[in-house]
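Undergrad: Below you will find the structure I want to go over with you.
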Amino acid sequence: MQRVAIARSLVNNPDIILADEPTGALDTKTSRLVMDILREISKSRLVIMVTHNEKIAKEYSNRIIRMLDGVITDDSKPEIENEVATGKEKNKRTSMSFYSALKSSWKNIRTKKGRTIMTSVAASFGIIGVALVLSVSNGFQNYVNRVESGTLSVYPLGIYTNAMIINTSFDRSTPNPFPSDEEVIVKDDTNQVSPAITIKRNIITTDLINYINSDILDPGYASSVIKNYQVDFHLTTEDPDGDVIAAGNTSLSDLSAVPAGSFHELLGDENFVREYYEPIGNESRYPTAKNEVVLIIDKYNQINKSTLVKLGIISEEQDLEKIDFTDLIGKKYKVFTNDEYYTKKDSVSASDTYTGQNKEITQYGAPTSTQLATLYNDDSSGLDLSIVGILRIREDAPYSNLMDNGIGYTSALSDYIFAENSSSQIAQDLAYNYTIDKTQAEFQAIVSSIPEGINAQTFLTPLVDQFFTFYSPIAEADGVPTKIKFTNYLNEGTELGATFTNHYFLNWFEEFLPTGLTDLTYLDMTYSPYYSVAVFPKDSKGKDAIKDAIDRYNLVKDQEWLDASQTGDSPYHVYYTDLISSVTATIGTLINVVSIVLIIFSSISLVVSSVMIGILTYTSVIERTKEIGVLRALGARKKDVGRLFEAETFIIGIFAGLIGIGITYLFAFPINAILNSLYADAGLGAIASLNPLHALILVGLNILLTMACGIIPSRAAARKDPVVALRTE
43 MQRVAIARSL VNNPDIILAD EPTGALDTKT SRLVMDILRE ISKSRLVIMV THNEKIAKEY
103 SNRIIRMLDG VITDDSKPEI ENEVATGKEK NKRTSMSFYS ALKSSWKNIR TKKGRTIMTS
163 VAASFGIIGV ALVLSVSNGF QNYVNRVESG TLSVYPLGIY TNAMIINTSF DRSTPNPFPS
223 DEEVIVKDDT NQVSPAITIK RNIITTDLIN YINSDILDPG YASSVIKNYQ VDFHLTTEDP
283 DGDVIAAGNT SLSDLSAVPA GSFHELLGDE NFVREYYEPI GNESRYPTAK NEVVLIIDKY
343 NQINKSTLVK LGIISEEQDL EKIDFTDLIG KKYKVFTNDE YYTKKDSVSA SDTYTGQNKE
403 ITQYGAPTST QLATLYNDDS SGLDLSIVGI LRIREDAPYS NLMDNGIGYT SALSDYIFAE
463 NSSSQIAQDL AYNYTIDKTQ AEFQAIVSSI PEGINAQTFL TPLVDQFFTF YSPIAEADGV
523 PTKIKFTNYL NEGTELGATF TNHYFLNWFE EFLPTGLTDL TYLDMTYSPY YSVAVFPKDS
583 KGKDAIKDAI DRYNLVKDQE WLDASQTGDS PYHVYYTDLI SSVTATIGTL INVVSIVLII
643 FSSISLVVSS VMIGILTYTS VIERTKEIGV LRALGARKKD VGRLFEAETF IIGIFAGLIG
703 IGITYLFAFP INAILNSLYA DAGLGAIASL NPLHALILVG LNILLTMACG IIPSRAAARK
763 DPVVALRTE
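In this text, residue positions in the sequence shown follow this note's numbering: the first is 43, and each later residue adds one.
Laid out in C-alpha cells, this is it:
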C-alpha cells in the first residue's frame, strides 16, 4: 500500500512529499525498500517524514525535528535568524495535460494495432467520398480555367457594331397572380425590369482604333488586333478545267469576332500565329507580304472537298484522295478593287419630290464570266496572290483548331483592299444614290418638329426611310434601279468600303445632335466601315488590363457626354463582348452547384464514420474500466479521464483523415488515366486533382467530428465510480 501511495503522490509531479509513518506495519526489509524509494525521491523534491522510528530517521534524514505534545523540543538544523524566504510556495492541483493523455493513448493504441488500422480505414470512407468530390470539382474548375485561358486566342474580346449585352442581374420577381383583393394595383412603370439581352450600338471610329493600338496593343496587353471589314475582295482564280471563277468567301459573325470562311484573314502577325501554327513541307513558309497567302489544314492534314472546290484547287468532278504539297505551293489567285471589278452603266433618272426634278442614279455592273476571264488574264489589272505555305496546328497547341480551313491572308491585304475600295468611284457615287420623297414644305415641317439633343438611334433613324428612297448601285438586268431600305443601303456601303465623306443628306441632321460634342456626327451614329474589332488578349492578366483600358476610354467619353448636358451613356461608349468568360462563368456555377449537392450526400457517410468511431471509443471505455479505476485511485480527475479518451479519438481522427486523403490521391491516378483515355482529344489533364488546402481542411474537419463523437463515451468514462471500476475484471 505504501508504494501505491507513493505512486499516487508522484502522478502530479509535486514539489513536496508528506510521508506519515511510511514504515508502519512493515517488516525491516520492506521498510528499507520504501525508505530507499523516498531517499531517491528526495534528490529532486522535499520529503517530509513523520515517524516514531528514531533509528530510521537518523539513517535516512538530513534534518531531524523532535516534537513532544505538539511542541518542538529539538532541531538538528535550526532556522537561521533574519533569513529571507526566496519565494512563496503554491499548491498545485492535480491535472493531466493533453500531451500526457496523447502519450498514454498512443501506448494503448499500439497494443491494438490491427483494430486501430481497421477502425481508421473504415472511418476514412467518409473523407474519401468528400475528398473525391472536391478533387473532381477542383479538377473540372481548373480545366474550365485552362480552357478559358487557352482559348483567349479563339474567342477574343469582340467590339461589334451591334453588341449583344447579356444582363445576368435582372429581377425575376413577380407579384402573385390572380389576387382575391378587390383592388386595382398601380404598377410603377418608372422602374421597369431590364431585359435579359439588350442590343447596344458601338461607334467603331478611327479614334477608337487608334486608342486600341496605343493603349492596348502597344503596352503588350493584346497579342493581336484584327479590324474586320465587310469589304468584298473579288477573289478569282483558275480552276483545274481552265475556267476563271470567283473563289472563296469571308464570313463574319455577331457571335465571334474571329473571321471565318474559306478565304479569311490570319489571326495576327507571324509571331502570334506561329505560337499555334507551323508551316509544313520543304517549300512552305509564312506569308510576309500582302500578295502572299497560305493554305490552312487541320491536324490530320485534311481539308473539305467543298472548300477546295470553292478555292478552285480541284473541280467538283474530280475524285482525289490526296494532293501533293508541291501542287499547292505557288497556286495563283487575283483580287480586284472596285474600280477594276465594276463597270459603270448608263445613269437612270428617278423623280425627286424635294427638287421637283429628276435625279441621276448611278449604276454599276459586275463582270460576266467572259469579262471575268479577260480581267483575270490582264496583267495590268488586279493584285496577284500566290500560296507560299501550308499551315497546320502545332502538336503542342492547347486546342485542335483556331482558324477555318482554307486560304489565310495577312492584314496588309485587307488594309490595302479597304483603302482602295473606300476611294473607288462606286463607293463615292453610292453616297448620292437617293431621292427625297417630301416636298420642301413637308420636309421642313417634319424637320422643324425634331427636338434638339435627341437620341439619333431611336428617333432620327426611323425617319430616314420616310424622307428618302435609296437605290442599290448594282444594276439589274432590266436597268431599273432597285429600291432598298436604309439599313440595306448602309450594308451595301460596308461591302463597297464607302466612307460617305460629305454625305450631305446625313449632315442635314447634325443640328439636332447634342451641342458641345464637335466630333459627334449622325454618320458615326448610323454607320461604320468596320464590321467588328477582335482584340486577342495575351493572357488572363492581359484580358483584365484590356477591360480596364476600355473602361478608362468609356469614362472619358461618358464625361464628355455629361459635360454637354446630356443624360445616360455617351454614344461613343464601348460595349465589348467576352463570350468565353460568360460561358465559363455559367459552367463554373453549374460545377459548384453539382459539387455542393454531391458533398452533402458524401457528408452523410462522413457522419456515419464519425458515429462509428464514437461507438468504438465507447467499446474502448468498457475494455479499460479497470485502468480508469487505477487512474482515479492515483488522483486523476474526471476531466483527466475524459481527456484520455478524447486524445484517443484525436489520434484515430488523424489516422482516418490521412488514410482518406492518401487513398483519394491514389484514386486520382486511375481516374485521370481513364478519363484522358476516353476523351483523348479534349486535353482534360488532371481532372481528379485535390487542392492541398482542401485536404488539410478535411483532415481537420475529420478530427473535429471524431472528437465530437467521442465526447459521450469519454464523459461516460469520466463518470465511472473508481471503487466500482477497480473491482472490474
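Every residue gets a Cβ at the ideal spot worked out from N, C-alpha and C, and that includes glycine.
Looking only at its chain, what residues have a beta carbon closer than 7 Å to the beta carbon of Met206, apart from the 5 residues adjacent to it on each side?
TA: Cβ within range, chain order: Ile239, Ile241, Asp296 and Thr619.
Undergrad: Should Thr543 be labelled buried (16 or more other beta-carbon atoms within 10 Å of its own) or exposed?
TA: Thr543 is exposed by the Cβ-count criterion.
Undergrad: Who are the Cβ neighbours of Leu176 in its own chain at under 8 Å, not counting the five residues just before and after it?
TA: Same-chain partners within the cutoff: Ser637, Ile641, Leu732, Asn733, His736 and Leu740.
Undergrad: Using a Cβ-Cβ cutoff of less than 6 Å, which residues in the same chain neighbour Glu320 once the five nearest sequence positions on both sides are dropped?
TA: Hits under 6 Å: Arg436.
Undergrad: Any idea what DSSP makes of Pro217, helix, strand or coil?
TA: Correct three-state label for Pro217: coil.
Undergrad: For Asn447 and Ser266, I'd like the C-alpha separation in whole angstroms.
TA: Distance between the alpha carbons of Asn447 and Ser266 is about 20 Å.
Undergrad: Applying the 10 Å Cβ sphere with the 16-neighbour rule, what's the burial state of Ser118?
TA: Ser118 should be labelled exposed.
Undergrad: Which residue's Cα is closest to the Cα of Asp590: Leu110, Ile254 and Gly156?
TA: Checked all of Leu110, Ile254 and Gly156; the closest Cα to Asp590 is Ile254.
Undergrad: Please state if the CB of Ser652 and the CB of Thr748 are separated by a distance shorter than 9 Å.
TA: In this structure, Ser652 lies closer than 9 Å to Thr748 by Cβ.
Undergrad: Rounded to whole angstroms, how far is the Cβ of Tyr318 from the Cβ of Pro579, which I believe are closer than 8 Å?
TA: Not quite, the Cβ-Cβ distance comes to about 14 Å (not below 8 Å), so this is no contact.
Undergrad: In or out: Pro712 buried (at least 16 other Cβ within 10 Å) or exposed?
TA: Exposed, since its Cβ has fewer than 16 Cβ neighbours within 10 Å.
Undergrad: Could you say which of Ser574, Leu738, Phe692 and Lys680 lies nearest to Gly704 if we only look at CA atoms?
TA: The option with the nearest alpha carbon to Gly704 is Leu738.
Undergrad: So what does Ser293 bridge to, in DSSP terms?
TA: Ser293 is bridged to Ala302.
Undergrad: Using the DSSP secondary-structure output, state which residues sit across from Arg434 in a beta bridge.
TA: Answer by DSSP bridge pairing, in chain order: Glu320 and Ile339.
Undergrad: May I have the straight-line CA-CA distance separating Ile338 from Leu199, to the nearest angstrom?
TA: Their backbone Cα atoms lie some 24 Å apart in a straight line.
Undergrad: May I ask you to list the residues that DSSP assigns as paired with Thr385?
TA: BP columns for Thr385 point to Gly407.
Undergrad: Would you identify the three-state DSSP class for Ser422, choosing helix, strand or coil?
TA: Note: Ser422 maps to coil in three-state DSSP.
Undergrad: Determine whether the beta carbon atoms of Phe697 and Thr158 lie at a separation below 9 Å.
TA: Yes.
Undergrad: Identify whether Asn443 lies in helix, strand or coil by the three-state DSSP scheme.
TA: DSSP places Asn443 in coil when its eight states are reduced to three.
Undergrad: Can you round the beta-carbon distance between Leu472 and Glu382 to whole angstroms, since I take them to be within the 8 Å contact cut?
TA: Actually they do not touch by this definition, with Cβ atoms about 17 Å apart.
Undergrad: In the DSSP assignment, the beta strand (DSSP E) including Ile705 goes from what residue to what residue?
TA: Taken as a continuous stretch (DSSP letters only), Ile705 belongs to no beta strand (DSSP E), being part of the alpha helix (DSSP H) at Lys680 to Leu720.
Undergrad: Any chance the CB of Glu325 is under 8 Å from a heavy atom of the ligand COA?
TA: The ligand COA is absent from the structure shown, which contains no ligands of any kind.
Undergrad: Among residues of its own chain, excluding the 5 on either side of Ile526, which ones have a beta-carbon nearer than 8 Å to its beta-carbon?
TA: So the list reads Phe512, Tyr513, Ser514 and Glu534, once near-sequence residues are dropped.
Undergrad: Can you tell me where the alpha helix (DSSP H) with Thr70 in it begins and where it stops?
TA: Thr70 to Ile83 is the span of the alpha helix (DSSP H), which, as asked, contains Thr70.
Undergrad: Measure the C-alpha to C-alpha separation of Asn634 and Val650 and round it to an integer number of angstroms.
TA: Approximately 24 Å, taken between the alpha carbons.
Undergrad: How many angstroms separate the CA atom of Ser422 from the CA atom of Ala454?
TA: Roughly 21 Å separates the two Cα atoms.
Undergrad: Report yes if the CB atom of Leu648 is closer than 9 Å to the CB atom of Val172, and no otherwise.
TA: Taking 9 Å as the Cβ cut-off, Leu648 and Val172 qualify as a contacting pair.
Undergrad: Is the beta carbon of Ser612 closer than 9 Å to that of Thr203?
TA: For Thr203 and Ser612, no; Cβs fall outside 9 Å.
Undergrad: Quick one, which of Cys751, Ile268, Lys681 and Ala715 has its alpha-carbon nearest Ser139's?
TA: Comparing Cα-Cα distances from Ser139 to each of Cys751, Ile268, Lys681 and Ala715, the minimum goes to Lys681.
Undergrad: Would you tell me roughly how many angstroms separate the C-alpha atoms of Gln482 and Asp581, rounded to the nearest one?
TA: Between Gln482 and Asp581, the C-alpha separation is close to 58 Å.
Undergrad: How many angstroms separate the CA atom of Asn184 from the CA atom of Ala299?
TA: Cα to Cα, Asn184 sits roughly 26 Å from Ala299.
Undergrad: Give the straight-line distance between the Cα atoms of Thr368 and Gly431, rounded to the nearest whole angstrom.
TA: Near 10 Å, if we compare the C-alpha coordinates of Gly431 and Thr368.
Undergrad: For Asp763, does the count of other Cβ atoms within 10 angstroms reach 16, so buried, or fall short, so exposed?
TA: Its Cβ having fewer than 16 others within 10 Å, Asp763 is exposed.
Undergrad: Find the nearest neighbour of Ile58 within the set His94, Leu75 and Ser84, judged by alpha-carbon distance.
TA: The candidate whose alpha carbon is nearest that of Ile58 is Ser84.
Undergrad: Quickly, what does DSSP pair Tyr271 with across the bridge? List them, please.
TA: Tyr271 pairs with Tyr572.
Undergrad: What does a CB cutoff of less than 6 Å around Asp283 pick up in its chain, not counting 5 residues either side in sequence?
TA: Taken in chain order, the residues that qualify are Ser357.
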